[in-house]
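Q: First residue of the sequence shown? That's 5 in our numbering, and the numbers climb one at a time after it.
Yeah, the Cβ is synthetic: ideal placement off N, Cα and C, and Gly gets one too.
Please read all numbers here as calculations on a predicted model, not as lab measurements.
My structure is below; once you've seen it, I'll send some questions.
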Amino acid sequence: MAGFVVRLISLMSFFGVVLSCYQCFIDTDESINLCWGHTVSEYNIRNIDSCFKTLDRIFNNNPRVIEAAKVGRGHDSVLKEILRAEIMPIVEEFHQHMHNDTVYEVRLQAAAETFIVMASGLPRASGCFPPCGFQSLGTVYNCMTCQYDSCEFPLDCPLQEITVAENNRTQMWCHVPFVLPSDIQIVWRYAEAETMLMDQFKEVTVGMDKLFSIPSARLEHTGTYQCEIFSQERSLVRIYYHLTVYPSEVVGQAKLQDLFNKALLPAGQFHLLPSMPLFSLLRLPIPALLTICLTSLLTLLFLALWVLYWWC
Ligand SMILES: *[C@@H]1O[C@H](CO)[C@@H](O)[C@H](O)[C@H]1NC(C)=O
C-alpha cells in the first residue's frame, strides 16, 4: 500500500512538469521501472521521486538536449530510436535492483550526452520563408510539446498589383519560396472585385498548372486572381494578384502626352517649335500639308525681300 502511494505521488509530480524529449519517447511505466531501485546515498533510502528529479535535470530541463532534438520533419522517429537505445538497457539492468544516486547520475548523464551527439547529426529543418503559407518542411521538432512547431505564417499571401495594356499578354505565377510536396493540386480562382474574401471567388481551373496566362487581355479580365495550392486535401498557401487592364487608347494618349512633354523646351526659353509635335504633321491630309509648305515658302520669300530692301 505504501509503495503504491509513493508511486502515485511520484506519478503526479512526473506529470506536473512540462513535456520533454524524454517524456515524448519513454513511457511512465518504463520510467518507474528505471527508478525502482534509486537510493539516496546520504540517507541510504529508496526514493523514486528524487530519481524523477534527476531525469528532469538531465533530460527534461536540459537546453542542450532540447536544442539537439530540433530535427526536421519525419526525423522524430529517429530521435525516439536513439533515446530508447540508450535508456531501455538501463531500465532492464536497474529494475528490481538497488543503485545509489551516483550510479544513476553517471549512467543517465552518459545517455544524455550520446543522445545530444547523435540527435545533433540528424537533418534540420530548411527554415521558414515569410510571409505566408503552411511550410511543413520548415518546421522543427519541439520536445516541450512532443510536436512539430509550425512556421506560423498565415495561409493568405499579400495581394500583388499587376497591370497590363489591353490586347497584351500577361502571366501570373503560383510560386512559393519553400519546398512543396510532390502531390500538389493547384486551383485558380477569379473574382471581379479587388478582394481576398473567399466567397467572392469562382473556380477557373483545377490541376497542376503553376502558370496562369492571358494571351490577350481584355478589359473584362480586370479583377483578382487567386491561386491555392493543396496537398492531400489540405490547403498550403493562397496567392493573390489584382490585375488591372488598361484600354489601349488610354495608353496611346498617355504615350503621346509623354512625347509631347519631352518635345517642349525648358521653361523660360524661346519657343520655336510649333504647338503640335512634328510627327503629327505627317497625319495631316495632303492639301493641308501643301498649304503649310506654301505659306512657309512665301514667308521666307517675304523675309528675304524685306532684308534685301533694308540692305540696299
Ligand atoms: C554508489 O555505488 C557505487 C557502486 O556500487 C559505489 O562504488 C559508490 O561508492 C557508491 N557511492 C556512494 C556515495 O555511496
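Using a Cβ-Cβ distance cut-off of 8 Å, determine whether Ile218 contacts chain C.
A: In the displayed structure, chain C is absent; only one protein chain is listed.
Q: Can the beta-carbon of Cys178 be found closer than 8 Å to that of Ile233?
A: As a working note, residue 178 is residue 174 in the sequence shown. As a working note, residue 233 is residue 229 in the sequence shown. Yes, the pair counts as a contact, with Cβ atoms nearer than the cut-off.
Q: So the candidates are Ile91, Gly78, Pro127, Trp314; which of them puts its Cα closest to the Cα of Cys150?
A: Position 146 of the sequence shown, counted from the start, is the residue given in the question as residue 150. Among Ile91, Gly78, Pro127, Trp314, the Cα nearest to that of Cys150 belongs to Gly78.
Q: Considering only heavy atoms of ligand 1, does any lie closer than 7 Å to the CB of Ser45?
A: The count along the sequence shown starts at 1 and reaches residue 45 at position 41. Yes.
Q: Using only the heavy atoms of ligand 1, determine whether one of them is closer than 7 Å to the beta carbon of Thr106.
A: One-based indexing of the sequence shown puts residue 106 at position 102. Thr106: yes, Cβ under 7 Å from ligand 1.
Q: For Arg111 versus Ile94, is the C-beta spacing smaller than 8 Å?
A: Here residue 111 corresponds to residue number 107 of the sequence shown, with the count starting at 1. Here residue 94 corresponds to residue number 90 of the sequence shown, with the count starting at 1. Yes.
Q: Cβ atoms of Cys147 and Ser239: under 8 Å apart, would you say?
A: Mapped onto the sequence shown, residue 239 falls at position 235. Mapped onto the sequence shown, residue 147 falls at position 143. It is not a contact, given that the beta carbons lie outside the stated cut-off.
Q: What span of residues does the beta strand (DSSP E) with Ala169 cover, start to end?
A: The count along the sequence shown starts at 1 and reaches residue 169 at position 165. Where Ala169 is concerned, the enclosing beta strand (DSSP E) stretches over 164 to 169.
Q: Measure how close the beta-carbons of Leu247 and Ile166 come, nearest whole angstrom, since I'm counting them as under 8 Å.
A: Position 243 of the sequence shown holds residue 247. Position 162 of the sequence shown holds residue 166. Correct: roughly 5 Å between the Cβ atoms.
Q: To the nearest whole angstrom, what separates the beta carbons of Ile91 and Ala115, a pair I think is in contact under 8 Å?
A: The sequence position of residue 91 within the sequence shown is 87, counting from 1. The sequence position of residue 115 within the sequence shown is 111, counting from 1. Yes, they are in contact, since the Cβ atoms of Ile91 and Ala115 sit about 6 Å apart, within 8 Å.
Q: Can you give me the C-alpha to C-alpha distance between Thr58 and Gly131, rounded to a whole angstrom?
A: Here residue 58 refers to the residue found at position 54 when the sequence shown is read from its first residue. Here residue 131 refers to the residue found at position 127 when the sequence shown is read from its first residue. Approximately 34 Å, taken between the alpha carbons.
Q: In the DSSP assignment, find the alpha helix (DSSP H) that holds Tyr108 and state where it starts and stops.
A: Within the sequence shown, residue 108 is the residue found at index 104, counting from 1. Tyr108 -> alpha helix (DSSP H) spans 105 to 124.
Q: Any idea what DSSP makes of Ala221, helix, strand or coil?
A: The residue you call residue 221 lines up with position 217 of the sequence shown. DSSP places Ala221 in the coil class of the three-state scheme, outside both helix and strand.
Q: Is the distance from the Cβ of Leu211 to the Cβ of Arg128 below 8 Å?
A: Along the sequence shown, read from residue 1 onward, the residue named residue 211 stands at position 207. Along the sequence shown, read from residue 1 onward, the residue named residue 128 stands at position 124. Sequence check: residue 211 is Gly here, not Leu. Not closer than 8 Å, so no.
Q: Closest to Glu34 by C-alpha separation, out of Ile70, Glu97, Glu71, Val44, would be which residue?
A: The residue you call residue 34 lines up with position 30 of the sequence shown. Among Ile70, Glu97, Glu71, Val44, the Cα nearest to that of Glu34 belongs to Glu97.
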